[in-house]
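Participant:
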Amino acid sequence: QLSLLCVVLASLLLPGKGVFINRERANNVLARTRRANSFFEEFKKGNLERECMEEICSYEEVREIFEDDEKTKEYWTKYKDGDQCESSPCQNQGACRDGIGGYTCTCSEGFEGKNCELFVRKLCRLDNGDCDQFCREEQNSVVCSCASGYFLGNDGKSCISTAPFPCGKITTGRRKSSDDLVRIVGGRECKDGECPWQALLINEDNEGFCGGTILNEFYILTAAHCLHQARRFKVRVGDRNTEKEEGNEMVHEVDVVIKHNKFQRDTYDYDIAVLRLKTPITFRMNVAPACLPQKDWAESTLMTQKTGIVSGFGRTHEKGRQSNILKMLEVPYVDRNTCKLSTSFSITQNMFCAGYEAKLEDACQGDSGGPHVTRFKNTYYVTGIVSWGEGCARKGKYGIYTKVTTFLKWIDRSMK
């Protein structure tokens, strides 16, 4: 045994022999089979460490692991080129979504830009700049203003009136049930206090022949073509039923007739007129003016609303009798090109279309000269005058209205 021990010790002292064995022999001893080459690899449940950390994985392998498209995409974008959101590039509490070669920021309200770095000024295009009524932009900021009879509140946004019957507000009263409604060319009866700006032009026989819009205590807006339908006429306000007195009606004599000097009887272009009354209107239940808007604001905000409202005492259908009940109808604004393609007659820049292509709802004879108003934040503004149409509620035909915004300066001059 002693001799055997000596042999072993002597072998350790032999030159050329190291403590470590070479790579090839070590690999033979410590050989480890790569799992990707394992025969049973395809039979094993997907494992993120095995598939994508020990090896290079494919999108399909990641999908097998997560079994969910959204989670797969989220992991894959980070796996391919790293997490682009790691540096928190989205500012002002924006949410970052990683992508391959980039990222996307979803910005909080009031911010925009690639990294949500830009503050969105609350200009007129965004909720009317928070203005109650008129909104305009000056030096990249909002300036609010109000219609006649209102004043701007301390907040610079709200419009306040101390008048009992300010323009553009329906007058309060008992609301009738749907059973009380009278249907006329698809419209319905104006409820108590709902159409207080409606005026009725009456001839020498005390018969209504055209409508009008109350602008203030002295002035009525109507259509120029109505002035050729009676030699003499008066204006009645507060009327909701021409066959029944309700106590709010009042008749006013006309002092001055101001017709637009460019009115064309053959085309109804410039179909607008203003009447000055001899005595002022007393505003009360069912008698109040509609508001005149500012031109730019009206065209960008009012006339881009979906609908306006037309009212009058016109016929119940194309060949029917005049209605004794004041009625109203909500009509959608019609795209200008659609309007022009619907008729062979000229649609000038002084006109616009409203109505339905196929529904039996329209203004009709007797409504001419009456109001087309548009509601914005519970205030009603004059946007049109009932002018003309091809029949009443014919399929593919629309009502044509005088575009009041074109004539706001003319109206203002006429009332001075």
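Reading the sequence shown from the start, the letters are residues -18 to -1, 1 to 398 in mature numbering (1 follows the signal peptide of the UniProt record, and there is no 0).
Beta carbons: idealized from backbone N, C-alpha and C, even for Gly.
(1) Looking at Leu209 and Leu203, is the spacing between their C-beta atoms short of 7 Å?
(2) In chain order, what residues of the same chain lie with their CB nearer than 8 Å to the CB of Arg156, ignoring the 5 residues before and after it?
(3) Scan the stretch 219 to 252 and note each continuous beta strand (DSSP E) run of 3 residues or more that stays entirely inside, going in chain order.
(4) Please classify Arg214 as buried or exposed, where buried requires at least 16 other C-beta atoms within 10 Å of its C-beta.
(5) Please look up how many angstroms separate the CB atoms of Gly290 and Tyr315, rounded, as I've assumed it's under 8 Å.
(6) When you compare each of Asp349, Thr361, Val236 and Trp392 to Gly371 by their alpha carbons, which one comes out closest?
(7) Among the candidates Ala280, Gly381, Glu231 and Glu91, whose CA atom is the shortest distance from the CA of Gln75?
(8) Measure the CB-CB distance between Lys244 and Thr387 and report whether it falls below 7 Å.
(9) Use the C-beta contact count for Asp80: other C-beta atoms within 10 angstroms, 16 or more gives buried, fewer gives exposed.
(10) How many angstroms separate the CA atom of Phe116 from the CA atom of Tyr338?
(11) Hey, how far is the Cα of Leu274 from the Cα of Glu176?
(12) Assuming Lys193 contacts Gly351 (C-beta within less than 8 Å), just tell me the rounded distance between them.
(13) Short of 6 Å in beta carbon distance, which residues of its chain neighbour Cys98, apart from the five on each side in sequence? Order them along the chain.
(14) Keeping to the same chain, check which residues put their C-beta closer than 7 Å to that of Thr153; ignore five residues upstream and five downstream.
(15) Under a Cβ-count criterion, where at least 16 other Cβ atoms within 10 Å of its own Cβ denotes burial, should Val238 be classed as buried or exposed?
(16) If we require 3 or more residues per run, which beta strand (DSSP E) segments fall completely within the stretch 263 to 322?
(17) Please look up how many angstroms separate the CB atoms of Val219 and Ile263, rounded, as I've assumed it's under 8 Å.
(18) Going by DSSP in three states, Trp370 sits in which element: helix, strand or coil?
(19) Excluding sequence positions up to five away, which residues of its chain have a Cβ less than 6 Å from the Cβ of Phe265?
(20) Can you look up Val364 in the DSSP assignment and give me helix, strand or coil?
(21) In angstroms, rounded to a whole number, what distance separates the CA positions of Asn136 and Asp317?
(22) What's the C-alpha gap between Arg118 and Thr286?
(23) Taking only runs of the beta strand (DSSP E) that begin and end inside the stretch 121 to 155, which ones reach a length of at least 3 residues, in chain order?
(24) Residue range of the alpha helix (DSSP H) that Asp395 falls in?
Facilitator: In short:
(1) As a working note, residue 203 is residue 221 in the sequence shown. As a working note, residue 209 is residue 227 in the sequence shown. No, Cβ-Cβ distance for Leu203 and Leu209 is not below 7 Å.
(2) Along the sequence shown, one-based indexing puts residue 156 at 174. Below a pLDDT of 50, predicted positions are generally treated as unreliable, and Arg156, at 43, falls in that range; no measurement from the model is reported.
(3) 232 to 241
(4) Locating residue 214 in the sequence shown gives position 232, where the first residue counts as 1. Counting Cβ neighbours within 10 Å, Arg214 comes out exposed, since fewer than 16 surround it.
(5) Taking the first residue of the sequence shown as 1, we reach residue 290 at position 308. Taking the first residue of the sequence shown as 1, we reach residue 315 at position 333. With a contact defined as Cβ atoms closer than 8 Å, Gly290 and Tyr315 qualify at about 7 Å.
(6) Position 389 of the sequence shown, counting from 1, holds the residue named residue 371. Taking only the C-alpha atoms, the option nearest Gly371 is Asp349.
(7) By 1-based counting over the sequence shown, the position of residue 75 is 93. Closest option to Gln75, judged by alpha-carbon separation, among Ala280, Gly381, Glu231 and Glu91: Glu91.
(8) Numbered from 1 along the sequence shown, position 262 holds the residue referred to as residue 244. Numbered from 1 along the sequence shown, position 405 holds the residue referred to as residue 387. Not a contact, by the Cβ cut-off of 7 Å.
(9) The residue given as residue 80 occupies position 98 in the sequence shown. So Asp80 ends up on the buried side.
(10) The count along the sequence shown starts at 1 and reaches residue 116 at position 134. The count along the sequence shown starts at 1 and reaches residue 338 at position 356. Distance between the alpha carbons of Phe116 and Tyr338 is about 29 Å.
(11) Taking the first residue of the sequence shown as position 1, residue 274 is located at position 292. Taking the first residue of the sequence shown as position 1, residue 176 is located at position 194. The straight-line gap from Cα to Cα measures roughly 18 Å.
(12) Within the sequence shown, numbered from 1, the residue matching residue 193 stands at position 211. Within the sequence shown, numbered from 1, the residue matching residue 351 stands at position 369. At residue 193 the sequence reads Gly, which differs from the Lys that was named. About 5 Å; that satisfies the 8 Å criterion.
(13) Counting from one through the sequence shown, the residue named residue 98 turns up at place 116. The answer, listed in chain order, is Cys72, Gln73, Asn74, Gly76, Cys87 and Cys89.
(14) Residue mapping note: residue 153 aligns to position 171 of the sequence shown, counting from 1. So the qualifying residues of the chain are Phe147, Gly175, Pro178, Met267, Asn268 and Ala270.
(15) Translated into the one-based positions of the sequence shown, residue 238 becomes position 256. Result: exposed.
(16) 289 to 294 and 309 to 314
(17) Indexing the sequence shown from 1 puts residue 219 at position 237. Indexing the sequence shown from 1 puts residue 263 at position 281. Rounded, the Cβ-Cβ distance is 6 Å, consistent with contact.
(18) Taking the sequence shown and counting its residues from 1, one reaches residue 370 at position 388. In the structure shown, Trp370 adopts extended strand secondary structure according to DSSP, grouped into three states.
(19) Residue 265 sits at position 283 when you count from the first residue of the sequence shown. Contacts found: Phe147.
(20) Residue mapping note: residue 364 aligns to position 382 of the sequence shown, counting from 1. Strand, per DSSP.
(21) For the purposes of this step, residue 136 is taken as residue 154 along the sequence shown, with counting starting at 1. For the purposes of this step, residue 317 is taken as residue 335 along the sequence shown, with counting starting at 1. Distance between the alpha carbons of Asn136 and Asp317: 39 Å.
(22) What you label residue 118 is simply residue 136 of the sequence shown in a count that begins at 1. What you label residue 286 is simply residue 304 of the sequence shown in a count that begins at 1. C-alpha separation (whole angstroms): 16 Å.
(23) 123 to 127
(24) Indexing the sequence shown from 1 puts residue 395 at position 413. Reading off the sequence shown, one finds Arg at residue 395, where the question assumed Asp. Where Arg395 is concerned, the enclosing alpha helix (DSSP H) stretches over Leu390 to Ser396.
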